[in-house]
Amino acid sequence: MKTHKYIFFGLLFIFLSATIATAQERRYIPKQSNEYVRIYKPDGDYFFGPETPNLKEGKWYDEWVSNDHTFVKGDDGKWHIFGITHPLVETNPLSKGIHEGEYASFHAVSAATNFKETVKKHHYNDLPKILAPKDRPGEIPANHAPYIIRKNGLFQMVYGHSPIRLAVSTNLYDWEPKGELFSDPDGARDPNVLFHKGTYYLTYCSIKSVRMVTSKDLIHWSNPQTILKTNTFDPESPSMIFYKNTFYLFVCAWEDDWDGTDIQGAYTHKAYVYNSDDLSDFGVDNEKEITVLNSHAPEIFQGEDGQWYISSVEWPYRGVSIDKLEWEEKK
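Numbers -23 to -1, 1 to 308, taken from mature numbering (1 follows the signal peptide of the UniProt record, and there is no 0), label the letters of the sequence shown in order.
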């Protein structure tokens, strides 16, 4: 009898080991269609201030530039986009004004309540800008890279750059600033939040690195740790998701290859994708890189029907564009 028991457990061990090995070996690589649709183009508007060397408060500007952004679905079923915005500044040299006046977030809303139906040219309508400096007394002027997550019936917006701050809303239209969450002596920009198994994981960019802090309540945060080291480029706009029992980190790369002749050229559209079973370790340089996609400041998310999407700003068009994303099993 003992012999039969040993044989049974031996076979069970082999079966479980093979099953685990198969699951570990099954990997997926995101593939985009490369058929971007520009769903949002900013309308002209008056600059909200304060004034900068090249922008006048209260002056009308026809062209506005969008950058790091976030998508969120409201209680009315409509989709909302929030993100960095400022009037187009064409200085000489161009590099002098490419980020001038990034003091408020644009706000655009869909007409349809199914994301698939919003992926149409210029579908989203521009709404008044939110959280300009006058709405955030005591804060630094910059309002960069908002990311929104729902908690306790409130929409919670984290934004930067350092110090990373918080604002809350009940309806996505009216926002109340709540002050600082944390800062990093090396700088913290482009926050992104993943909620996984009861913990909030906030990733952000710093010097040649993507770093992460954690929290149980979105208020008290751990000390930062580096989850990706990038010796070869400056990282921008991290976006982390959990898919098929593993983690994927999308990071836009600034590699100083801009020729300086066109504003859009400053918004590089090389997005590296990394895969790791440990969300605190995505390696060094291309150690855990699995593919490169075409996007600037990508957001990765699903529509109601489960279809995956990747967004991009300023490339290939001014405003926000959407491309479909599929997951192909790695052979």
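The beta carbon of each residue, even a glycine, is placed where N, CA and C say it ideally should be.
Beta carbon of residue i, beta carbon of residue j: below 8 Å?
{"i": "Phe59", "j": "Ile126", "result": "no"}
{"i": "Asp167", "j": "Asp45", "result": "yes"}
{"i": "Val290", "j": "Ser43", "result": "yes"}
{"i": "Glu157", "j": "Val145", "result": "no"}
{"i": "Thr68", "j": "Asn31", "result": "yes"}
{"i": "Thr47", "j": "Pro123", "result": "yes"}
{"i": "Val14", "j": "Ser298", "result": "yes"}
{"i": "Leu71", "j": "Ile277", "result": "no"}
{"i": "Phe219", "j": "His173", "result": "yes"}
Short of 7 Å in beta carbon distance, which residues of its chain neighbour residue i, apart from the five on each side in sequence? Order them along the chain.
{"i": "Ser87", "result": "Lys55, Trp56, Thr95, His100, Tyr101"}
{"i": "Ala(-3)", "result": "Per-residue confidence for Ala(-3) stands at a pLDDT of 40, beneath the threshold of 50, marking its modelled position as unreliable; no derived number is given."}
{"i": "Gly115", "result": "none"}
From the DSSP output, in three-state form, read off residue i for me.
{"i": "Lys8", "result": "strand"}
{"i": "Arg92", "result": "Checking the sequence, you will find Phe at residue 92 rather than Arg. In the structure shown, Phe92 sits in a helix (DSSP, three-state: H, G or I)."}
{"i": "Pro123", "result": "strand"}
{"i": "Pro201", "result": "coil"}
{"i": "Leu32", "result": "coil"}
{"i": "Asp112", "result": "helix"}
{"i": "Leu302", "result": "strand"}
{"i": "Lys155", "result": "strand"}
{"i": "Ala144", "result": "strand"}
{"i": "Gln279", "result": "strand"}
{"i": "Lys106", "result": "strand"}
{"i": "Ile196", "result": "coil"}
{"i": "Ile240", "result": "helix"}
{"i": "Ser183", "result": "strand"}
{"i": "Lys221", "result": "coil"}
{"i": "Leu131", "result": "strand"}
{"i": "Leu71", "result": "helix"}
{"i": "Lys206", "result": "strand"}
{"i": "Ala(-1)", "result": "Reliability fails at Ala(-1), whose pLDDT of 45 lies under 50, so the model's placement of it is uncertain and no value is given."}
{"i": "Trp292", "result": "coil"}
{"i": "Asp45", "result": "strand"}
{"i": "Ile(-17)", "result": "The predicted model places Ile(-17) with a pLDDT of 47, which falls under 50 and marks its position as unreliable; any figure quoted below should be read in that light. Correct three-state label for Ile(-17): helix."}
{"i": "Leu(-12)", "result": "Summary for Leu(-12): the model assigns pLDDT 45, below 50, so the residue's position carries little reliability; its value from the coordinates is reported in the next sentence. In this structure, Leu(-12) counts as helix in the three-state DSSP scheme."}
{"i": "Val66", "result": "coil"}
Using DSSP bridges, identify the partner residues of residue i.
{"i": "Phe227", "result": "Ser216, Val250"}
{"i": "Ile61", "result": "Ser82"}
{"i": "residue 348", "result": "Residue 348 lies beyond the residue range present for the chain, which begins at -23 and ends at 308; the question has no answer from this structure."}
{"i": "Tyr178", "result": "Leu171, Thr191"}
{"i": "residue 346", "result": "Here the chain has residues from -23 to 308 only, and residue 346 is not among them."}
{"i": "Asp287", "result": "Per the sequence shown, the amino acid found at residue 287 is Ile instead of Asp. In DSSP, Ile287 forms a bridge with Ile277, Asp300."}
{"i": "Asp22", "result": "Tyr38"}
{"i": "Asp211", "result": "Trp231"}
{"i": "Lys50", "result": "Trp56"}
{"i": "Thr268", "result": "Val250"}
Kindly list the residues whose CB is nearer than 6 Å to the CB of residue i, restricted to its own chain and excluding five residues on each side of it in sequence; keep chain order.
{"i": "Lys205", "result": "Residue 205 is actually Leu in this sequence, not Lys. The residues are Val187, Phe259."}
{"i": "residue 309", "result": "With the chain covering -23 to 308 only, the question about residue 309 has no answer from this structure."}
{"i": "Leu171", "result": "Tyr178, Met217"}
{"i": "Ile107", "result": "Ser82, His84, Trp152"}
{"i": "Arg4", "result": "Lys307"}
{"i": "Asp163", "result": "Ser183, Ile184"}
{"i": "Ala(-1)", "result": "Residue placement at Ala(-1) is flagged as unreliable, the pLDDT there being 45, under the threshold of 50; the coordinate-derived value follows with that caveat. Same-chain partners within the cutoff: there are none."}
{"i": "Glu303", "result": "Lys8"}
Taking 8 Å as the limit between beta carbons, can you name the residues of its chain near residue i, skipping five residues before and five after?
{"i": "Glu12", "result": "Asp300, Lys301"}
{"i": "Tyr80", "result": "Phe25, Gly26, Pro27, His63, Ala109, Pro110, Pro118, Ala119, Asn120"}
Beta-carbon of residue i versus every beta-carbon of chain B: anything under 8 Å?
{"i": "Leu270", "result": "Absence of chain B from the displayed structure is noted, only one protein chain being present."}
Review point. Should the region 19 to 38 be regarded as contacting the region 46 to 58, the criterion being three or more beta carbon pairs within less than 8 Å?
Key: no
Exercise for review: Take every Cβ of the region 249 to 256, pair it with every Cβ of the region 221 to 235, and state whether three or more of those distances are shorter than 8 Å.
Suggested key: With the cut-off at 8 Å, the region 249 to 256 and the region 221 to 235 touch.
Review point. Is the number of C-beta pairs between the region 185 to 199 and the region 263 to 272 that are closer than 8 Å three or more?
Key: They do not touch, by the three-pair rule.
Practice item. Please confirm if the region 235 to 248 is in contact with the region 22 to 36, defined as three or more CB-CB distances below 8 Å between the two stretches. Key: no
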